[in-house]
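**Student:**
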Ligand SMILES: NC(=O)c1ccc[n+]([C@@H]2O[C@H](COP(=O)([O-])OP(=O)(O)OC[C@H]3O[C@@H](n4cnc5c(N)ncnc54)[C@H](OP(=O)(O)O)[C@@H]3O)[C@@H](O)[C@H]2O)c1
């Protein structure tokens, strides 16, 4: 019996993939991420019967709170943020007893002694058998502190322990530059093996992102074309309509490059540019991904101004409403130099991609929310159909990540009539229309994978390191160069003129999705 057809909440979650019972300990359990994403995702896994009976969820945070208060807060949050509303009373009633709470500060050994005691009682009353998934949903400065304290409290089992597992999910940001990311790796590796670390990048949990792999390596027709001989260039866009949503303190120290390019956008770049892996497993996939980053041509300092563009939004209008400038947002310095937009021309020096530019861009307060990979093929060698053909553009394949997940292939077709008139048309695949159901949230898939010990969709240390090795010198150079006169684009537009110039210098244009 295929239960996934009966229970739409199992969409995207394979029946065979039942996670073993484990204690899932969330550090930062009173925070925004827990409330908005983690507990709703765990609730959905429970609803879809993907969490093994006997699993337990333990919240850990600073404020004093009883188990019941924690359950009540999480129920309210799930009612607000769950992807299926309203909360199913029966399902919640069976989920709720698995939630419990331990309070303490992250650097307080006594709190970890309490946690240890609590986990021992969880092992005895649930079926968790010493399996632990620690989720670091905390500000990044605490990642290494928590790991050390867990080790000191004897809460980390060796990777070689076959009787039980300890795994750690680490949230982003993983460092703020090459140095801090390496320091964090060193601190984590002192107490836990790399094979036990799951660096989350929620983009990899998205169906449409995984579909890049399915599209490329599950079909024979495109792969022969997926190379310099046939592809003119690639554009990767992660555009946001929203601003910084009150997170000025965080964003001032981050900016668009750290927030999006180093992680999410480079994940897309790796998936679209990697060689076929020898198997679909964590090592084989990540080995090929990291080779892409190793092949990136470092940007010479003298060329950074020419090969990158940065921007910051000023006041503007969107959807009829007047929007403030970035510098007018809460907790933002009135002379802030933080970029809310970044674009780069990235080159991959290998046999497949030599000479094919990858233009990447991201920004806040742009015209539309859209994440996509657009692959532009080379034009035809000879125009047989005269003037009408001049109105068609070269073939383009667009992998839409969000919203409206799907794939579109543009090609020229004959218009009906007695003349040979050509026009561009689209072949279109839409997730929603094809599968008739909404995808599971990225966090559901990723938490499940971590419980199953499948790290394929998590970032490995060398990937993160290579990504920082590429972007850190760019950020450093920007800091030393005279700042562009910010703000340099209006909220609600497609970004600064310098980004247009970046592609126009190569005789190309950005897509307007
Ligand atoms: N929010 C999102 O949508 C989102 C998205 C992607 C990534 N992330 C990442 O996820 C992580 C958490 O983000 P968030 O937005 O959930 O943060 P948040 O709302 O500020 O929550 C932080 C949590 O850490 C706890 N905490 C802070 N200092 C502590 C200490 N010294 N001892 C014990 N507990 C302490 C807080 O407990 P108290 O409330 O008791 O102080 C709270 O539970 C960050 O790394 C962030 O970058 C968040």
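Numbering (this note's numbering), first residue to last: 351 to 863. Glycine included, every Cβ here is placed at the ideal spot set by N, Cα and C.
1) So does residue 387 have its beta carbon nearer than 8 Å to some heavy atom of ligand 1?
2) Does the distance from the CB of residue 860 to the CB of residue 663 come in under 9 Å?
3) Beta carbon of residue 312, beta carbon of residue 750: below 9 Å?
4) Got a sec? Which residues, its chain only, sit under 6 Å from residue 836 by beta carbon, not counting five neighbours each side?
5) Please name the residue or residues paired with residue 776 in a DSSP beta bridge.
6) Give me the Cα-Cα distance between residue 351 and residue 526, rounded to the nearest whole angstrom.
7) Tell me which same chain residues have a C-beta within less than 6 Å of the C-beta of residue 371, skipping the five on either side of it?
8) Can we say the stretch 796-804 touches the stretch 813-830, given the rule of at least three CB pairs closer than 8 Å?
9) Would residue 539 be called buried (16 or more neighbouring beta carbons within 10 Å of its own) or exposed?
10) May I ask you to check if the CB of residue 450 is nearer than 8 Å to at least one heavy atom of ligand 1?
11) So, helix, strand or coil for residue 855, using DSSP?
12) Could you tell me whether the stretch 508-519 touches the stretch 590-599, using the rule of 3 or more Cβ pairs below 8 Å?
13) Is DSSP giving residue 769 helix, strand or coil here?
14) Which residues in the same chain have their Cβ closer than 8 Å to the Cβ of residue 417, if we skip the five residues on either side of it in sequence?
15) Tell me the residue span of the alpha helix (DSSP H) that contains residue 796.
16) By Cβ distance below 7 Å, which residues in the same chain neighbour residue 699 in space, the five residues on each side in sequence not counted?
17) Could you round the C-beta distance between residue 693 and residue 659 to whole angstroms and report it? I think they count as a contact, below 8 Å.
18) By how many angstroms is the C-alpha of residue 805 removed from the C-alpha of residue 442?
19) Can you give me the C-alpha to C-alpha distance between residue 684 and residue 677, rounded to a whole angstrom?
20) Spell out whether any CB of chain B is found under 9 Å from the CB atom of residue 417.
21) Could you work out which residue in 628, 433 and 824 is closest to residue 386 when comparing CA atoms only?
22) Give me, in chain order, the residues of the same chain whose beta-carbon lies closer than 6 Å to that of residue 826; leave out the 5 immediate sequence neighbours on both sides.
23) For ligand 1, any of its heavy atoms closer than 8 Å to the Cβ of residue 800?
24) If you pair each beta-carbon of the stretch 738-752 with each one of the stretch 764-780, do three or more pairs fall below 8 Å?
25) Does DSSP put residue 695 in a helix, in a strand, or in coil?
26) On the CB-based measure, 16 or more other CB atoms within 10 Å of its CB, does residue 776 come out buried or exposed?
27) Using DSSP with H/G/I as helix, E/B as strand and the rest coil, what is residue 683?
28) Taking 8 Å as the line, does the beta carbon of residue 521 fall inside it for any heavy atom of ligand 1?
29) Tell me the start and end of each unbroken beta strand (DSSP E) in the stretch 701-761 that is at least 3 residues and wholly inside, in chain order.
30) Would you check if the stretch 388-402 and the stretch 785-799 touch, i.e. whether three or more CB-CB distances between them fall below 8 Å?
**Tutor:** Looking at the coordinates:
1) yes
2) no
3) This structure leaves residue 312 out entirely; the chain is present only between 351 and 863.
4) Only 662 meet the Cβ criterion.
5) 760
6) Confidence in residue 351 is poor, its pLDDT being 32 and thus under 50, which makes the residue's placement unreliable; the coordinate value appears in the next sentence. When rounded, the distance between both Cα atoms is 48 Å.
7) 402, 404, 405, 477 and 478
8) no
9) Its Cβ having fewer than 16 others within 10 Å, residue 539 is exposed.
10) no
11) coil
12) no
13) DSSP places residue 769 in coil when its eight states are reduced to three.
14) Within the same chain, residue 417 has close Cβ partners 449, 450 and 451.
15) Annotation: the continuous alpha helix (DSSP H) that includes residue 796 extends over 792-802.
16) 645 and 647
17) 4 Å
18) 29 Å
19) 5 Å
20) Included in the structure is just one protein chain, with no chain B present.
21) 433
22) The beta carbon of residue 826 sits closer than 6 Å to none of the beta carbons in its chain outside the five residues before and after it.
23) no
24) The answer is yes - the stretch 764-780 touches the stretch 738-752, with three or more Cβ pairs under 8 Å.
25) strand
26) exposed
27) coil
28) yes
29) Taking only runs of at least 3 residues, the beta strand (DSSP E) segments lying wholly in the stretch 701-761 are 708-713, 720-727 and 746-752.
30) Yes, the stretch 785-799 touches the stretch 388-402.
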